[in-house]
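The number in our numbering is simply the position in the sequence shown, starting from 1, with 19 added. Worksheet for the structure shown next.
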Amino acid sequence: MASLDEDLFEDTIKDKIRYFPLRCRWFLFSLPLGFHDETLEAEYQKHNLEVVYRVLKGMLFFLVGYVCLISAVASGDFKDFSSVHATMLSMRVVMAVAPCVLALLPIRFKHTELGIIILILVEMTAIMINNRGRAALISGDAQDLEEVISLFPNHDASTLTSDASEISNISFCMAFAYLTPLRAKWSLLIVLLTPIVYLSLTLPFPAGLEGDLRRRLSLSIQLFVLGLLMWLARAQNEVTERNEYLARLELRKLLTREKVLRVTAEHEAEQGPFSAGASAGKVVGTHGTDEIRDVDGMSSVKS
20 MASLDEDLFE
30 DTIKDKIRYF
40 PLRCRWFLFS
50 LPLGFHDETL
60 EAEYQKHNLE
70 VVYRVLKGML
80 FFLVGYVCLI
90 SAVASGDFKD
100 FSSVHATMLS
110 MRVVMAVAPC
120 VLALLPIRFK
130 HTELGIIILI
140 LVEMTAIMIN
150 NRGRAALISG
160 DAQDLEEVIS
170 LFPNHDASTL
180 TSDASEISNI
190 SFCMAFAYLT
200 PLRAKWSLLI
210 VLLTPIVYLS
220 LTLPFPAGLE
230 GDLRRRLSLS
240 IQLFVLGLLM
250 WLARAQNEVT
260 ERNEYLARLE
270 LRKLLTREKV
280 LRVTAEHEAE
290 QGPFSAGASA
300 GKVVGTHGTD
310 EIRDVDGMSS
320 VKS
């Protein structure tokens, strides 16, 4: 139905969206910036935020359940409680609370979209710090990787120095960011800031924590490319959503106009109060309005 509406109103809606760069045959992709009409853009933002909140609330229990599941799997870390365990536990609390805050953000908050992006980045930061090796180094319980390994004797050394789990969870956060239909000009921040978050929590630590500098840079580039591909798909979806939104508005106007014409035609056929004949039956005189009435075929005038 939506695609049919778009075809029907193609001439009406095709020039109402602003793009960067300007959409032309030389550019394979253009970022939708918004509608030219500011009032229409404000209405679309309100409509889009309602969709965002439905998605957030729908995924809330899944997100909190996922965090609780990965915490339960790693619950053995807290048998001998210390600073590193306190750091990991606090990060898991942040990971569980952040989705709840996302769903509780007021829908009319001026910077709702920016707030959602900040909370997603906070979630990514908590995921990174929750890594055992990184948490041990940040808490001060270990000064190098050998001490990290000694703190967790029941864990294989490769699991303590690898970011495989963290990378997969960050990718999950990026996918979640693009499942929520945030406008593309805001979700672009996820693409740019995710590699920065990863590098800022990896480069300051000794070599060996997820390989050397080359490997860390390689992983950050892969995160950037993954986020960019997701964002391109999101931007293209936004163009489709905006066209469908415009098509629905135009269809609503058309249906309203048809209803008015149908009611007018019915009154004309039945000589109702809104018919042309009823309107012509009003004669405006110099001293008031004279109403013309037919009584048994005779015309009479009543002032």
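Cβ coordinates follow ideal geometry from the N, Cα and C atoms, glycine included. Just so we're clear, the structure is a prediction, and the values are computed from it rather than from any experiment.
query                                                                                                                                                          : result
Which value, in whole angstroms, describes the spacing of the CA atoms of Thr259 and Ala266?                                                                   : 10 Å
Could you please give me the residues that DSSP links to Gly246 through a beta bridge?                                                                         : Its beta-bridge partners do not exist; DSSP assigns none.
Given Val103, which residues of its chain have a CB within under 6 Å of its CB, disregarding the five upstream and five downstream residues?                   : Ala154, Ala155, Ser158, Asp160
Do we get a CB-CB distance below 8 Å when we pair Glu263 with the residues of chain D?                                                                         : Judged by its chain identifiers, the structure shown contains no chain D, having just a single protein chain.
Going by the beta-carbon positions, is the gap between Ser390 and Pro223 smaller than 8 Å?                                                                     : In the structure displayed, the chain extends from 20 to 322; residue 390 sits before or after that span and is not available.
Judging by CA-CA distance, which residue of Leu82, Leu68, Pro51 is the nearest neighbour of Trp250?                                                            : Pro51
Considering only the beta carbon of each residue, do Val216 and Leu274 sit closer than 8 Å?                                                                    : no
In angstroms, rounded to a whole number, what distance separates the CA positions of Leu79 and Cys119?                                                         : 7 Å
Rounding to the nearest angstrom, what Cα-Cα distance links Lys35 and Ala117 in this structure?                                                                : 37 Å
Helix, strand or coil: which one does DSSP assign to Gly227?                                                                                                   : strand
Count the C-beta pairs between the segment 182 to 201 and the segment 163 to 172 that are closer than 8 Å, then say yes if the count reaches three, no if not. : no
Check each candidate in Tyr72, Ala105, Arg111, Thr180 and name the one with the smallest Cα separation from Leu88.                                             : Arg111
Can you name, in chain order, every residue of its own chain whose Cβ lies under 7 Å from the Cβ of Leu170, other than the five neighbours on each side?       : Val103, Ala155, Asp160, Ala161
Taking the runs of the beta strand (DSSP E) that are 3 residues or longer, which of them lie wholly in the segment 116 to 179?                                 : none
Which of the three DSSP states, helix, strand or coil, is assigned to Arg276?                                                                                  : helix
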